[in-house]
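A short write-up of the structure that comes next.
Protein chains in written order, with our numbering: chain A, 135 to 462; chain B, 135 to 462.
In structure tokens:
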């Protein structure tokens, strides 16, 4: 089996790649377990060095996902699975609408078209986002059956991909599944252009002993999940029985609803005697506005019904980060 | 003011053109009434002859809406309104997925991009469809807040345009409004590739003394509206106050819910002593399947709140057709 991960050298893409390589096999289009023979990590960004724990099955390819021919060359194989993670993120898409359309919308169509051209109904797992929800009529808690009316370009392009995924699956072109990701924490390294970046930074920078400039109010509420749980959830969704997923192919992944204040309390609780960098207020109205438009709470009944994993609590998420990165 | 109607030589496009020309003015982007100086009817199909009642303000242009440069040349002007009607219809889109994506999705983006490039926030009215609704979780009666999960390629492309319309409007590129059309009856002339065509044919052909082969069961329930009401509704939506439309720019247009049996009873009631062609059963499972996936009943609270028109009953719809076409 060949696995293609778009956005594959990003944080989540690389973690997913390692998790799949460690398992060594996946239930793919055949419906039975197949060994992983080949993996392509496709990304717009050239990593400064080859990420570790990627063995010789892995090829890293750098390029533009809006390049139809290139995508067609990479997403190609008799036994193929695709994890489509590549995306211009939230604040980036608000800053550059045209780039968001090019990468997220036209790039998404390229991925679907390439998968459609392969034999055997390839499984395509698309990472959507809770940012698909929004608007004046949005309820306090969103669920799988909430009407989707995004109020960001990022969210709009995500739901367009969800709709395409449904129709490509209904037509028998691919076997698509979509996972609406909550805000994934705690991302290591440098912040990206996601408006939700503070939900990682507020832990990461203090744990590194760095002063953190918090761009949002402490009352800001976010639906968050740990990266370990998200990677496991994406793999579980890939392996789920196709009929059990149903005709609406995208679903909410489980999350924990927390205010920033609760995040900071959790940090102090878990950090114990560790020295922490100070958190200072540095309001950014653009970031605040984007985050205020997102749902702070969600339910994920379809993910639970499929047996997808969920985080138990914030403390275990923070401990995982300390183990994987802060102490590593 | 310049008005561009895509799909402009189609049945609804031509009726809209005549209605706007008769009025002679519209409330446009300026928020005040402006005279109609120029009108372009853009369509893929060359009409056999120039439709009547179109004066010299009207230019008919034939071309491909997926041609970005052509669309950019036509949708151009300092004071501009666009009515975007062009679409591959339901059964046609099921038969040719690639054409549906090309015309409905990429063509739609061309229209929005061209309007975006003009000054003064052009009003763009997009004709969506109740076919956006569908799926196993669809309620018996859909409304403006029902989750949109289409089960046809036609419906999928319509809701993608709705989402784009919302975001182009939110970004301040255009002033977009979308009208979800019920099945519009009674269409004169030859049937098109719409799966809902029987809801016109079942009246039109018998009134012409022709035997009608009914492709669906008499129990099939449809949400229908008369073409006069739809044209008036589209114009009223164009003129509506932008803030009153809200952030979710598309809304259901009002309709009457009828079974085919009730349609036939209405035909006989209104026809009186007219001779009627016989209606014979000629089941088409593909047509039946598409129609069964659509909502048979809907509510349109947002249209009512905006004061958009609604049909009183089926009989007045049939009488209008007899007046406009059967007796003309």
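All C-beta atoms in this analysis are idealised placements derived from N, C-alpha and C, irrespective of residue type, glycine included.
Checklist entry - With respect to the beta strand (DSSP E) encompassing residue 169 of chain B, which residues constitute its N-terminal and C-terminal limits? => result 167–169
Own chain residues within Cβ distance below 6 Å of residue 313 of chain B, not counting five before or after: 261, 368, 371, 387
*Reference residue 246 of chain B; option with closest CA among B:302, B:207, B:288*: B:302
| Of all the alpha helix (DSSP H) runs that stay within the bounds of the stretch 348–410 of chain A, which reach a length of 4 or more residues? | 361–373, 376–379, 394–405
Distance, Cα to Cα, residue 239 of chain A vs residue 384 of chain A? Rounded to the nearest angstrom, the gap between the Cα atoms of residue 239 of chain A and residue 384 of chain A is 17 Å.
**Prompt:** For the stretch 274–293 of chain B against the stretch 339–346 of chain B, are there 3 or more C-beta pairs whose distance is under 8 Å?
**Reply:** Segments in contact, no.
query = Which one of A:266, A:200, A:304, A:173 has the shortest CA to CA distance from residue 377 of chain A?
reply = A:304
Give the single residue among B:379, B:322, B:411, B:344 whose Cα lies nearest to the Cα of residue 454 of chain B.
-> B:322
| query | Considering only residues of the same chain and omitting the five flanking positions on each side of residue 197 of chain A, which have a CB-CB separation below 6 Å? | reply | 204
Looking at chain B, is there any beta carbon in it that lies within less than 8 Å of the beta carbon of residue 282 of chain A? It does: the Cβ of residue 282 of chain A has a partner Cβ on chain B nearer than 8 Å.
**Q.** CB-CB length for residue 177 of chain A against residue 147 of chain A, believed under 8 Å
**A.** 7 Å
From the DSSP output, in three-state form, read off residue 415 of chain A for me.
strand
Below 8 Å on the Cβ atoms is my guess for residue 452 of chain B versus residue 401 of chain B; work out the distance and round it to an integer in Å.
-> 6 Å
| task | Give a yes or no on whether the C-beta atoms belonging to residue 428 of chain B and residue 217 of chain B are separated by under 8 Å. | result | Against a cut-off of 8 Å, the Cβ pair of residue 217 of chain B and residue 428 of chain B comes out as no contact.
| message | To the nearest angstrom, how far is the alpha carbon of residue 325 of chain B from that of residue 335 of chain B? | response | 7 Å
Taking the alpha carbon of residue 237 of chain A as the reference point, which residue from A:183, A:253, A:361, A:295 has its own alpha carbon closest? A:295
* Asked: How do the stretch 348–366 of chain A and the stretch 420–435 of chain A stand: do at least 3 beta-carbon pairs fall below 8 Å, yes or no?
  -> Yes, they touch.
Along chain B, which residues have their Cβ under 8 Å away from the Cβ of residue 367 of chain A? Near residue 367 of chain A there are no residues of chain B at all, since even the closest Cβ is about 22 Å away, more than 8 Å.
Quick one, are the C-beta atoms of residue 277 of chain B and residue 435 of chain B less than 8 Å apart? Yes, the Cβ-Cβ distance between residue 277 of chain B and residue 435 of chain B is below 8 Å.
Is the shortest distance between the beta-carbon of residue 271 of chain B and the beta-carbons of chain C less than 8 Å?
Although the question refers to chain C, the structure presented lacks it and instead comprises the protein chains A and B.
### Residues near residue 202 of chain A by beta carbon distance below 6 Å, same chain, minus five either side
244
Given 7 Å as the limit, tell me if residue 379 of chain B has its C-beta closer than that to any heavy atom belonging to the ligand PLP. Ligands are entirely absent from the displayed structure, and the ligand PLP is therefore not among its contents.
> From residue 211 of chain A to residue 248 of chain A, what distance separates their C-alpha atoms?
Replying inline: 10 Å
| message | Determine, for residue 303 of chain A, whether the minimum Cβ-Cβ distance to residues of chain B falls below 8 Å. | response | No, its Cβ sits nowhere closer than 8 Å to a Cβ of chain B.
Practice problem: State the DSSP-derived secondary structure class of residue 462 of chain B, mapped to helix, strand or coil. | Solution: coil
Is residue 364 of chain B buried or exposed, if buried means 16 or more other CB atoms sit within 10 Å of its CB? Of the residues assessed, residue 364 of chain B falls on the buried side of the cut-off, its CB having 16 or more other CB atoms within 10 angstroms.
Worksheet item: Roughly how many whole angstroms lie between the Cα atoms of residue 137 of chain A and residue 310 of chain A?
Response: A direct Cα-Cα distance of roughly 14 Å separates residue 137 of chain A from residue 310 of chain A.
I'd like the span of the beta strand (DSSP E) that includes residue 240 of chain B, first residue to last.
No beta strand (DSSP E) holds residue 240 of chain B; DSSP gives it neither H nor E.
Problem set entry | Contacts around residue 506 of chain A, its chain only, beta-carbon distance under 7 Å, and the 5 residues preceding and following it disregarded | The structure shown has nothing for residue 506 of chain A, since chain A only spans 135 to 462.
Original post:
How about residue 241 of chain B and residue 282 of chain B: do their beta carbons lie closer than 8 Å?
Top reply: no
Quick one: list the residues of chain B neighbouring residue 279 of chain A, beta-carbon separation under 7 Å, in chain order. 271, 281
Check: Does the beta carbon of residue 293 of chain B come closer than 8 Å to any beta carbon on chain A?
Finding: yes
Within the continuous alpha helix (DSSP H) that includes residue 255 of chain A, where are the two ends? That residue, residue 255 of chain A, is in no alpha helix (DSSP H); it is neither H nor E in DSSP.
_Of the residues B:333, B:144, B:155, the one placed nearest residue 180 of chain B, counting alpha carbons only_ = B:144
Since residue 300 of chain A meets chain B, which of its residues come closer than 9 Å, beta carbon to beta carbon? 269, 283, 284, 285, 290
Proximity test, Cβ basis, 8 Å: residue 186 of chain A and chain B:
no
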